[in-house]
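In my numbering, the protein residues as written are 303 to 572.
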């Protein structure tokens, strides 16, 4: 009888020990699984590069930045770019008023220099030059800057506070040419549009803008000695909620890939 009791007690002890070992093993596996899940979650979060960026850019970048933006999004599938194009002076006003945005590209360094408290350090990403835009076939036979002084000619210029307007005034003043424009437009695309629509006989625009409308306008070259060079600085905005992603995009604008896109559109190397 005592042998039976002893055997039963021994069997119960063995079963109890086996059960405890099984539970311990399960607990250990559970912790491992939990740790792996946490690790995977942390890894996923760390590698995430999703961001929606708003880029304020000068009007003369309208076409080329659409191409550049598509290339950047393809290279960085988690990033979405939204561009807002306007005259640089309008963009500066938006920045000062606190309009939410992540990066800024202007058509002159002076405008950017006036925003040092709102931007990171700017980098010039491209340069441009001026041309005289005239109707297709050049019906009024405009050949040089001096021809714009003809009062019978309807000339449109950008307003003097707009970068292209400043550059236009600079080159005209240097040649002592007085032009009385029929209107002064808020950005370079508005000047180009007036010529395209036949509402103006001539206007001073950037070379790259004229190249976007070759079916409707001709571009009259301005000699380098009489021309002005426009610089395009790019910078992040300190108020950006996507600082790293904005900095990555601004940096990308100086890469060989981005530079090729800019140069293919007629922009010069910085």
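Note that the Cβ used here is the ideal one computed from N, Cα and C, for glycine as well.
Open item on the list: Pop quiz: residue 510 and residue 362 are said to be a contact at Cβ under 8 Å. What is the actual Cβ separation, rounded to whole angstroms?
Closed with: That belief holds up - the Cβ atoms of residue 510 and residue 362 are roughly 6 Å apart, short of 8 Å.
Open item on the list: Quick check for students: name the residue ranges of the alpha helix (DSSP H) that lie wholly in the stretch 376–412, counting only runs of 4 or more.
Closed with: Entirely contained in the stretch 376–412, the alpha helix (DSSP H) runs reaching 4 residues are, in chain order, 390–398.
TODO: Find out if the Cβ-Cβ distance for the pair residue 386, residue 356 is shorter than 8 Å.
DONE: Result yes, Cβ atoms of residue 386 and residue 356 sit closer than 8 Å.
Task: Buried or exposed by the 16-neighbour rule on C-beta atoms within 10 Å, applied to residue 499 - done: Per the 10 Å Cβ criterion, exposed.
Task: Paired residues, beta bridge with residue 423 - DSSP - done: Beta-bridge pairing links residue 423 to no other residue.
Open item on the list: Taking only three categories from DSSP, how would you classify residue 481?
Closed with: Note: residue 481 maps to coil in three-state DSSP.
TODO: Run the CB neighbour count on residue 419, radius 10 Å, all protein chains shown included, and call it buried at 16 or more, exposed below.
DONE: Flag for residue 419 reads exposed.
- [ ] For residue 531, name the three-state secondary structure that DSSP assigns.
- [x] Residue 531: strand per DSSP, three-state reduction.
Task: Cβ contact (3+ pairs, closer than 8 Å) linking the stretch 524–536 and the stretch 490–505 - done: Segments in contact, no.
- [ ] Per DSSP, which residues does residue 487 bridge with? Please list them.
- [x] Residue pairing from DSSP places residue 487 in a beta bridge opposite 460.
TODO: Kindly indicate the opening and closing residues of the alpha helix (DSSP H) around residue 550.
DONE: In the DSSP annotation of this structure, the continuous segment of the alpha helix (DSSP H) that includes residue 550 starts and ends at 545–554.
- [ ] Would you list the one or two residues that DSSP bridges to residue 570?
- [x] Bridge partners of residue 570: 429.
TODO: Over the uninterrupted alpha helix (DSSP H) stretch that includes residue 474, give me the two end residues.
DONE: Residues 465–476.
Task: Among 563, 540, 521 and 544, nearest to residue 431 - alpha-carbon criterion - done: 521 is the residue among 563, 540, 521 and 544 whose C-alpha sits nearest the C-alpha of residue 431.
- [ ] Along the alpha helix (DSSP H) that carries residue 512, what are the first and last residues, could you check?
- [x] Taken as a continuous stretch (DSSP letters only), the alpha helix (DSSP H) holding residue 512 covers 509–512.
Task: Same chain, Cβ closer than 8 Å to residue 466, neighbours up to 5 away in sequence not counted - done: Counting only Cβ-Cβ distances below 8 Å, and skipping sequence neighbours, we find 362, 409, 432, 460, 489, 490, 493, 506, 507, 508 and 532.
TODO: Measure the Cβ-Cβ separation of residue 448 and residue 427 and say whether it is below 8 Å.
DONE: No. Outside cutoff.
Task: Selection from 425, 502, 383 and 477 that minimises the alpha carbon distance to residue 572 - done: For the residues 425, 502, 383 and 477, the minimum Cα distance to residue 572 belongs to 425.
TODO: Return helix, strand or coil for residue 563, following the three-state DSSP convention.
DONE: Correct three-state label for residue 563: helix.
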